[in-house]
Structure formats: structure tokens, C-alpha cells
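Numbered by mature numbering (1 follows the signal peptide of the UniProt record, and there is no 0), the letters in the sequence shown go through residues -19 to -1, 1 to 845 in order. Where is the CB? At the ideal position from N, CA and C, for every residue including glycine. A short worksheet on the structure shown next.
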Amino acid sequence: MYLHRRCFVLLLLLSEINACGIAVHNEVTFRSLEHFTPTTAVQRLYKDDLLDSASYTQAGSFFPDWGYQCLGNNQQSEDGKCVQNSQIASLLIAMVRLAHWPSFIKTAVNYIREVYPATQFHTDTHVKGLISFVFAIMSHGMADVKWHSLSGLQDYFIVAMAKSDFHGNAEESHIAADAGAEFTLRHSSKLSYLNETWKVPVNDIIEIYKRLYEPSGQRIPLASHIQYCMAAAFAASKIDVEFGQLMFGYYGSKSPFLIEELYDYYRGGIEDLSGSVSDCYPELVNAFENGAKHDHPDTLCASYFFSETTKPISKRARCLNHGIQSPYRTNGKDATNKIYQDYDATTGVLTLTVNKTKQIRMAKHDVTFPHITTTVVLPTLINNHNKKHAAIQQQFGRPVFDSNSAANADKVKKGSSSNSLNKHQCLSLHQEREPMSKITLTIPMSSSRVGHQIVSGHFRSSDSNDDQMDIAISAPFYYKDGLQIGAVFVLDSNLQPANIDTDIRNVSHTILHGNTHHGRFGWSMAVLDLNKDGIDDLAIATPFNDRVDVYFGQVHTGLSESSCAQIQLHSQGSQGTVLAGIDVDQDGFKDLVIGCPLCPIGNQPQAGKVSIYLGHGNQLTQPHFVIENPDVNAYDHFGESILIIQDTLLISAPSYSVDQMQRVGRVYAFDTSTYKLKWTVTGTKEFQQYGKVLATNERQDVLAISSPSEETRSKLQTFWQGGTVRLYDWNIMQQQIRDHVNQKNVVPNLVMEQGMMGLIEGRTNAGHLGQSILMGKDDVIWIGEPMSEQENGRVYQWWYKKTHELKCIRNNEHLLARFGSQIGSLGPDAICITSQRYGQNARYSGAVNILTRPENGKETDKLT
């Protein structure tokens, strides 16, 4: 009841105050400062000032939006529609729009240089704060260009989100992105760096507006307007911090793209935005040191970041469509914070402060675990509908395969049992009594993303039975010498936990570095044998430089420190986001397969394609074969997951849509000898993303297909983006295909239940069960659920043929770590599990957890 009352109060407050973008813009500014590595003493002074002036920096990160939906006008963000006072609306919109762009920033720089002596730039508290405020305005403007796909930019965040999840409706996407990103960010972060105070240099802002508007004669904003609107925004930001995660489900359930891509989307995700802002700092430092020259149009830091020709955000609603009322009018009974203001007439600085009176009790995390159902479907079922019409899925075990569902009822044998797992059986990753050795490796570098990808191979021996196995662990956002070039750490899998250094750099025997700033070296990796010498090689992609490097393994010495083969791909900075090492030509050596789910096909963006490179030494200039999306549609993401099982090459397109159902997903099966399409399986639910991850066991007789954003149900309860993993008996699936081989020129579209032997369904909202999968030698599958327990994460071990018992490992010590992001095998007695947002030593540094079974462990206790 307490939580319900709080949610009700939250909705009332959100109806009065708009917190759109405040947390996101502050997150971008904060990360950009973490990334900014000064190369001169002067740059170091400015960075130190920014860090010391957080109250100015955080206020400035919001400032360009100060006039939106303020003063009771209910105006829209850019085009001024639906306002009550059109004159005030037009004035505020003009002011705010200019505040976004370089003309305002350059005017501010020159104003500060003229009014304040340079000797005060790094000594006077007010001047340091004012300069920091301007830097933060730049951060906001730079981020908005990409976030909103302005100035002709294509395929950036809001546009891509609209085309992925909102049927191309940019207005709906705009609202969900601007407001939903706030709550998504709050759900995944404590935002502990946010100040309890904002400082707004009101008088200086007015003077800057005067200089900016003198040539055109436009009206200057009133100081009282700026004070009022900034106070309202500050109040909104505090509500967001206290209550934001309670609204996570409202927006998150509308868009898997928002949940999955907010941080990592390569065109306008938070990591991309913060990198762009960080790169801009040196130019702004130079402007403060030497003056800012106005151009026509004014530019700053990038050709797309300019004033007059930047396209406005011509959407009806930019944020929550509500007016801002007084931040001081709150119900004292329900208010948790009180906002105080103090205006210093001498300096012209408005100070806004929150006085916390009590802490909000948040909802406890769930302790509901996945549900297992085992089923055997006889090989006589097929979906004969057109490939654009997938089978309708009803209650599991009683699927509707065609219009005559009753005729199929006797073709299904089902044995269902709910697992008895409870919270007492879910062991803690850090529980000492568990008979398992644990090693956690990380790096004291913020947002480096240690553990984004993990692979293992015999890089020093041709004997696959040799215990000398190496682990390759990537950190695609790793910085070196001020550049975000990425790194891959290679270490011996036989690490001993006693007194081990937790810094992965100190336990790695080889460290491979990228050479492209923001290229994301290590975003994907694959183990293969390109030169066919019997020793594993390592392929590493730098997808946003369209490059793949192959490092050859060598007896005793291991991987070469420089690449032995390079593949320069031809794209627009998106090739190589998926790598797979699989034996396509069945010659006993793993070949290189490159998936490009972001590649356009014709005029269809992100339709996807796959390129196959057969092993022929180090001369790789062209792929031997390219498989394009067989059913070309924008944003299908064909090539997201690639797997070979016996004589069949499986390629998924998890964002494939059917009519009005978005992102149901599809898996395509190709013959490895002819590359001809053999059959398909298509998802049946909107946002299911069937085929996001594909995996098979060593015998290649079981196929696992995950749908991490699929909605699941339990009686009357629904779990949005709970996720599922389906297990298939490969032999039964193949028998079905042989039964229909006589249908020439017809590619069977199998029903999703065909050959299915088991299903595990997530029971956590946004848990994303199946985001990672590992199948071992025995009849066991490891499944990651990284966003369960409010993004702490869990991993499950399921012996799918022997028992319905589900073992679980949870992360209850390092909050928001997303334990289970990736899972990799290190042999029968060791496993590697990553926490991509681990941050004990540095914020979001990432970590890998190596779990090993002791030598005296039982045979049945093997990990993989």
C-alpha cells in the first residue's frame, strides 16, 4: 500500500513538473569528463575547474532546455504548437533554440573574456563556475544533435528507435526517448554524483542574451523567468532521482530499443554522446584561451554542430506533455524534499538547494525465478502460411499451427513441471561456503567495459586436449593516451584465486590494443584457424572502422602482438559487429564469418548481411560468399547471431517484423554447401526478438534459441521483456524438413514449436532471460538474466535432460552490475561470467568472474 501511494504521488508530481533530459544530459557531461584526458597543463586546469564546479556544471547541462513547457504555457519544445500565449512561447522557443547552438556558446566565451580578467579564470570561484556552465551548455547541445538526428543526420537514436519500436512514428518515439531515458537511466544507476545544489549565473546569462540579440532586436528574457524555470527543473530533477525507477516499467515496456541500446547504440547512445563531447573540450579550451571567432553559420567541434541551418525538432511533443507549475507548491504531507533558493544580487547567481527530510523506501527486488516446461513435438507439424504470417502462439503445449488447430492437438506430447527453485537455492556469487573458487578481474577505468566479449582458445598448442587454454577478454571502451582505442586482454585460464591481483592488466600475459579512436576494438571476437596450422587464431573486430584483425596463434608463445591478417571492410562504420568462428566448408578448420546486422541493403537501413571468409592464410581481401537478408526489410538486423549445426548455417534476424507486429524475430537456415535457404522459423509476439542468441551443444543435436525481450505470463501476471529460451531436438526438426522436401521451390516456414523439447520463461520484468547462453559438453545449458533483481543479475544452470532442477547464482554484492551479461566456457571445470556494468573500483568498468570447481569436486558437479 505504501508503494502504491508513492506511485500515485509520483504521477501527480510528474503531471506538474517536466524532468525531461536532465539526468541524461548530466550523465553525458559526467562521463565526458571521465573520458577527457588533458594533453596540456592548460587543459588540465579547465578539467579541474569543471570537476570542482559541479553545481554550475550540472545546472548548465540542463540550461539549453530552460524555457520548454514553463510558465504555464504548455508549449511544445520546438514548434510552439498548443500554447496558451503565443508571444511568450515564440520568445522562449527562440531563446532556447539559440542557447543550444554555437552562436550562444561563442558569444558567451567572448563575453567572459571581455568582462573577467584571464587571471581569474582558474582562481575566482564565480568565474570558474561560469566557465564550467558554458562547457556544460556545449555538452547539452552536442548531445542533442545526435540524440535527435538533427542537421540531416540519419539513423541516430530517436529516429532509429521510432523505426524499430514505434512503426516509424517519430513523435511517439520522441516522447518515449526523452522521458523514458530518464527513468531507464535512473533504474540502472544510483546517479550518486548528482549535486544537492545548482548554481545558475543569471546576470551573466542575461548579458550574453543581450549581446546575442542586439543585431536582431529580439526581446531579452527576464531574469525572473530564468530563475523560475530553472528552479522548476531543479525540483523535477530531484523527483527523478527519488522516484524515477518507479516509472521505468511504463516507458521500458514500450521499447526494447530504449532498454537495450540507451548506452551502446553507436549513433546517439550515451557512450557515443559522451565521447563526442569529450572530443570537443580541447576546442572550447582553445576558444577561452584565444577567443571565439563567429562564422556563418557558426560551427563548433563538428560540421554538423552549427546554428542557423540545424533542423528544428519539429515534433508536437518533446517531453511529457505537461506544464511546469511552481516548484514550491507541494503538499507538505507527501513532500520528501524541500527546494530552497537564494539569489545573490552581487554576483547574480541563483543557488538552488534541496533539503532531504527523509529517505524514500523503494520496492524490494523480485525473487521470482524462471518456469520450465518440457515438451516433445512429433515431426508432423509445419506452418503453411505465407512467410509474412507466423503461427499464432497460445498456451504453451497447445499451439495453433494452422486454422485446423484441433487436428494438431494429438500431435503434441507435453510433460510440464514447474521448477521448485526458490531464493534459498539461488547461491550468492560471493558466498564463501559454496564449493567453488572465484576470481574477479576488472580495471580501475570508468566505462571501459571489461568483459564485453569473452572467448577461449588453444593459442599456444595444437592439442585441443591440452589444459593450456587462454582467455581473451575485451574492453572496447578502454582508453590509452587519451584515445578510446579498446583493448583485448589475454590470460591463462589456470589462474589461482589465492592473492591474485584483481587488475586484469597485471595478470594478462598479452594485451592487444586497437588503433582507432571510438572504433570499439574488441566489440566482437571469434576463435578460428585461418592459416590451418592446427593452432587457434583470434579475430578481433573494430566495427566502427570497418576492420577485422586476425592474430595467429603460435606454439609456446601464443598470440602474436600485432595482427597477421587484416580485413578492411567496405561500409559506413558498422561492419564486424558480429564475428563467428565456424567450419563452414566442413574441412575441419574454423572459418571466419562476419555479421553486419547494421549494414544497409539497397535503400533499407540495417537490413543486414553476412560475409564468409574461408581459411586461406593471411590474404583476405574479399569474402568468398556474401549472404544478404533474404527478405530485405529495414531494421531486421539479419546477421545478429550466427551458428553452424551439422550441415546447416543458421543466421538470425531478431528484429524481423510481421505485418503490424514489430520485432518478432526470425531464424534462417542455409545449406552449407550451396548457401541456399532451406527453411525459416518466425517469432509470433511483438518485441519477442526470436533468435537474438543461437547456441548448440558439442554433439550438435540440441539447438537453443533465445528471445530475451519476449513477454511471458504466469496466470494473471505479465512480465514484460521477461525473456525465454527454447530448446529444440535437431533431429526432429530435420525430419520435418525431409518430410516436405518434395515441395519444390517452397521454403518451409516452420512453426516455432516444431521439434521443441523444452522452454524456460523468465519471471522478472525486464530481466532479459537468454541475453547470454552457453551450452557445454554434457546436457547442461547456462543462461544469463543480467537485468533481473533491478539489474544486479543472475545466471542459471539447467540440466535439461536429467532433471528439472534449476541451479542459480546471483549477484547480491555489487549492485547494478548486470551479472550474466556474457558467459564463456573454460573447460569442464571452469566458467567465465561477465558483469558489464560492474563498478566497484571505477564506474561501469566491467568485470569478469571466473568460477572453478575444485579438483576434488564430484564428476556430476562439472560446470560445463
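Apart from sequence neighbours up to five positions away, the residues of its chain that approach S42 with a beta-carbon distance below 7 Å are H6, N7, T10, A117, S120, H121, ordered along the chain. Looking at N712, P478, G110, the one whose alpha-carbon comes closest to that of Q735 is N712. Within the same chain, P689, S690, Q702, G704, E766, P767, M768 come within 7 Å of H749 by CB-CB distance, once the 5 residues on both sides are set aside. In the three-state DSSP reduction, V662 falls in the strand class (E or B). In this structure, the alpha-carbon of T665 lies about 6 Å from that of V645.
Excluding the 5 residues flanking it on each side, Y37 has same chain C-beta neighbours closer than 6 Å at G110, S113, F114, K180, in chain order.
For the beta strand (DSSP E) assignment, the uninterrupted runs of no fewer than 3 residues enclosed by the region 164 to 222 are, from N- to C-terminal side, 178 to 182.
Rounded to the nearest angstrom, the Cβ distance from Q641 to F668 is 12 Å, too far for a contact under 8 Å. For K590, the beta-bridge partners assigned by DSSP are C577, E609. Scanning the region 691 to 738 for uninterrupted beta strand (DSSP E) segments of 3 residues or longer gives 693 to 695, 698 to 700, 705 to 710, listed from N- to C-terminal end. In the three-state reduction of the DSSP assignment, M642 falls in the strand class. Boundaries of the alpha helix (DSSP H) harbouring V9: 3 to 16, taken from the DSSP string. Taking each of W660, E177, C580 in turn and checking the Cα distance to T332, the smallest one comes out for E177. Q549 places its beta carbon 8 Å or farther from that of D530. If you ignore the 5 residues before and after H537, its C-beta comes within less than 7 Å of the C-beta of R441, all in its own chain and listed in chain order. Using a C-beta cut-off of 8 Å, the region 418 to 438 makes contact with the region 497 to 506, since at least three inter-stretch Cβ pairs fall below that distance. In this structure T602 does not touch P578 by the C-beta definition: roughly 23 Å separates them, more than the 8 Å allowed. Here the alpha carbons of R744 and S695 stand approximately 8 Å from one another.
The Cβ atoms of I812 and W779 do not sit closer than 8 Å to each other. When only Cα atoms are considered, D628 and N678 end up about 15 Å apart. For Y262, the enclosing alpha helix (DSSP H) starts and ends at 251 to 271. Boundaries around Q549 are those of the beta strand (DSSP E), 546 to 549, since no alpha helix (DSSP H) includes it. Annotation for W128: the continuous alpha helix (DSSP H) segment containing it runs 106 to 128. It is roughly 46 Å from the alpha-carbon of Y671 to the alpha-carbon of A212.
Annotation: E766 is outside any alpha helix (DSSP H); the continuous beta strand (DSSP E) that includes it extends over 761 to 766. Here S816 is near R799, since their CB atoms are less than 8 Å apart.
Here DSSP, grouped into helix, strand and coil, assigns T38 to helix. Contact between D617 and A634 holds: their C-beta atoms lie close to 4 Å from each other, under 8 Å. Proximity to M450 across G820, G808, T21, P19 peaks at G808, based on C-alpha coordinates. Close CB contacts of Q226 within its chain, under the 8 Å cut and outside five residues either way in sequence, are with F164, R167, H168, M343, Q771 (chain order). F17 is a Cβ neighbour of Y262, given a cutoff of 8 Å.
Collapsing the DSSP output to three states places A520 in a strand. Between I3 and G583, the alpha-carbon positions lie close to 38 Å from each other. With contacts defined as CB atoms closer than 8 Å, F85 and I189 qualify as a contacting pair. Residues Y232, L239 of the same chain have their beta carbon placed closer than 6 Å to that of G161, with the five preceding and five following residues left out of the count.
Judged by DSSP secondary structure, R775 falls within the beta strand (DSSP E) whose first and last residues are 775 to 780.
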